[in-house]
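> Just passing along the structure, written as structure tokens.
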Amino acid sequence: MDPTQIAALKDWLARQALLGTPAAQIVTRAGEAFNAAGLSLSRLHVGMDALHPQVESIGATWRRAASVQEEAYAHGAFAAIAGESPLFEAVSRARAGSGDPHSFPMTRYRLDAGEGLEMALLRQFRAEGASDYVCFILAFGVDGRVRTGARGAAVSFCTDRAGGFTEEEIAAMQAVLPALGAALRTAAQAAILSSLIDTYLGREVGRRVLNGEVRRGAVETIEAAILIADLRGFTALADETPGAALTVMLDAYLDCAVGAVEGAGGNVLKFLGDGLIATFAFAREGAGQACAQALAAAARIEADSGAISAARAAAGAPHSRFDLALHAGAVLFGNVGAARRLDFTIVGPAVNEAARLETLCAPLGAPILASRAFVAACAPAERVVSLGEHALKGVRAPIEVFAPV
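Note that the working numbering gives residue 209 to position 45 of the sequence shown, counting from 1, and the numbers run on in steps of one.
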């Protein structure tokens, strides 16, 4: 074994921890470097905890003479592999261990001696020619110590060389683990931060925040189409529907609304209780195209939420429908709020007018309403019918209101 290759790998990994290199690149370089040092790896896998509403953990697998494969596992996937994967056993042993932050619990199965073959995954590895399997658990600490149930990473090595790994090779793996763990933790934290930002702020706002737009009062004026969606009669439904059932219903409706907005190229800024506000920026697509996209999103929301309502009504479940308003104009886009608690949002008269416009949907009997400003910006002109001029609460002059046909 070549110790200079191991030393070079440790140095490279330490640098990647500073650079935030993604896990797939780390695993690829590590697999190649270990083999250059003489370990004869056939497979190197890294699995890490995620913090995402849909994903429990993420992984990257390197195989000799093959490109790295990235994986994402849904919530519940880890418990489902109990008895089938050595990873579950390795994590269970580590969690029952001492919690020493300097310890990397190891689980080993000598496959050529028949160890661990009651597990489906190890039987698969053995059928592929693997002779030895070694797994280490790396716990990520907080405030200088490792807590029970801490997030972390699992790193597993396979070789297909007869006789498996030598003790010297296992020692080399252990020597690399601190630097490898640091690089993986940085990669995991970057992935977690990105997913949380996208989940709670949205992709566009999240990108701006991560790029440094975090000071209060840092706003810009943009021209945009504005879409506001609100579930009709939600307050009464909330009074009559148990909490869990209400949440299930709300999730279904909001899921379809967000999908329609993002599918049409819009940006969901925030949820407003039982609704949302979204923008379609003119600067990106031009006024005509942005308004056409907003109208397409509204039509999709109406259709998809209608299907949800029909299915829920047939099942005897509470249901509602969206009222949708479309407006266009200049808005202030940026950080607004208190010194220590900010909201990245839009404000301005156009936003207030859009919100007031939505309240006319029920009395006018129209699920989608558009302002003259919105209709005028559409190019080519959309098919609409005028519903006359109407006063909006808090708005000085009446505005002409239109409904798509």
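Each residue gets a CB set at the ideal place from its N, CA and C atoms; glycine is no exception.
What you are looking at is a predicted structure, and each value in this text was computed from that prediction instead of being measured.
Please say whether residue 429 and residue 457 have beta carbons closer to each other than 8 Å?
Along the sequence shown, one-based indexing puts residue 457 at 293. Along the sequence shown, one-based indexing puts residue 429 at 265. A contact, by the Cβ cut-off of 8 Å.
> Looking at the unbroken beta strand (DSSP E) that takes in residue 419, where does it start and where does it end?
To locate residue 419, count along the sequence shown from 1; it is residue 255. That residue, residue 419, is in no beta strand (DSSP E); its alpha helix (DSSP H) goes 407–427.
> Nearest-angstrom Cα distance between residue 211 and residue 294?
The count along the sequence shown starts at 1 and reaches residue 211 at position 47. The count along the sequence shown starts at 1 and reaches residue 294 at position 130. Near 20 Å, if we compare the C-alpha coordinates of residue 294 and residue 211.
> For residue 530 and residue 394, I'd like the C-alpha separation in whole angstroms.
If you number the sequence shown from 1, residue 530 lands on position 366. If you number the sequence shown from 1, residue 394 lands on position 230. Looking at the two C-alpha atoms, the distance is approximately 13 Å.
> Identify the continuous beta strand (DSSP E) that holds residue 369 and give its terminal residues.
Residue mapping note: residue 369 aligns to position 205 of the sequence shown, counting from 1. Not the beta strand (DSSP E): residue 369 falls in the alpha helix (DSSP H), residues 367–374.
> Under 8 Å, with one C-beta from each stretch per pair, do the segment 430–448 and the segment 382–394 reach the 3-pair mark?
Counting Cβ pairs under 8 Å, three or more are found: they touch.
> Taking all protein chains shown into account, decide if residue 280 is buried (16 or more other Cβ within 10 angstroms of its Cβ) or exposed.
Taking the sequence shown and counting its residues from 1, the one referred to as residue 280 is at position 116. When all chains shown are included, residue 280 counts as buried.
> My assumption, with CB atoms under 8 Å, is that residue 323 sits in contact with residue 296. Please give the rounded CB distance.
The residue labelled residue 323 in the question sits at position 159 within the sequence shown. The residue labelled residue 296 in the question sits at position 132 within the sequence shown. Rounded, the Cβ-Cβ distance is 5 Å, consistent with contact.
> Whose C-beta lies closer than 6 Å to the C-beta of residue 320 among residues of the same chain, with five residues either side of it excluded?
Taking the first residue of the sequence shown as position 1, residue 320 is located at position 156. Hits under 6 Å: 209 and 299.
> For residue 226, write down the residues that DSSP places opposite it in a beta bridge.
Residue numbering aside, residue 226 sits at position 62 when the sequence shown is read from its first letter. According to DSSP, which records beta bridges pairwise, residue 226 is partnered with 208.
> Does DSSP classify residue 295 as helix, strand or coil?
The count along the sequence shown starts at 1 and reaches residue 295 at position 131. Here residue 295 sits in coil by DSSP.
> Are the C-beta atoms of residue 554 and some chain B residue less than 8 Å apart?
Of the protein chains in this structure there is only one, and it is not chain B.
> Identify, in the order they occur along the chain, each residue of the same chain with its Cβ nearer than 6 Å to the Cβ of residue 432, setting aside the five sequence neighbours on each side.
Position 268 of the sequence shown, counting from 1, holds the residue named residue 432. The residues are 366, 422, 425, 440 and 442.
> Is the separation between the beta-carbon of residue 105 and that of residue 239 shorter than 8 Å?
As shown, the chain starts at 165 and ends at 569. That puts residue 105 outside it, with no answer to give.
> Would DSSP call residue 174 helix, strand or coil?
To locate residue 174, count along the sequence shown from 1; it is residue 10. Of the three classes helix, strand and coil, the one that applies to residue 174 here is helix, per DSSP.
> Might you give, ordered along the chain, the residues of its own chain that have their beta carbon closer than 6 Å to the beta carbon of residue 192, omitting 5 neighbours on each side?
Mapped onto the sequence shown, residue 192 falls at position 28. Only 226 and 232 meet the Cβ criterion.
> Taking the continuous beta strand (DSSP E) assigned at residue 542, which residues delimit it?
If you number the sequence shown from 1, residue 542 lands on position 378. Taken as a continuous stretch (DSSP letters only), residue 542 belongs to no beta strand (DSSP E), as it is neither H nor E.
> Can you tell me whether residue 550 is buried or exposed, with buried defined as 16 or more other CB within 10 angstroms of its CB?
Here the question's residue 550 lines up with position 386 in the sequence shown. Its Cβ having fewer than 16 others within 10 Å, residue 550 is exposed.
> Is DSSP giving residue 285 helix, strand or coil here?
The sequence position of residue 285 within the sequence shown is 121, counting from 1. If DSSP states are grouped into helix, strand and coil, residue 285 belongs with the helices.
> I need the straight-line Cα distance from residue 276 to residue 334, nearest angstrom please.
As a first step, residue 276 is located in the sequence shown; it is residue number 112 there, counting from the start. As a first step, residue 334 is located in the sequence shown; it is residue number 170 there, counting from the start. Computed Cα separation, rounded: 17 Å.
> Using a threshold of 8 Å, state whether the C-beta atoms of residue 494 and residue 519 are closer than that.
Numbered from 1 along the sequence shown, position 330 holds the residue referred to as residue 494. Numbered from 1 along the sequence shown, position 355 holds the residue referred to as residue 519. In this structure, residue 519 does not lie closer than 8 Å to residue 494 by Cβ.
> Which residues in the same chain have their Cβ closer than 7 Å to the Cβ of residue 273, if we skip the five residues on either side of it in sequence?
On the sequence shown, position 109 is the one that residue 273 refers to. Cβ neighbours of residue 273 beyond the five flanking positions: 250, 279, 280, 286 and 297.
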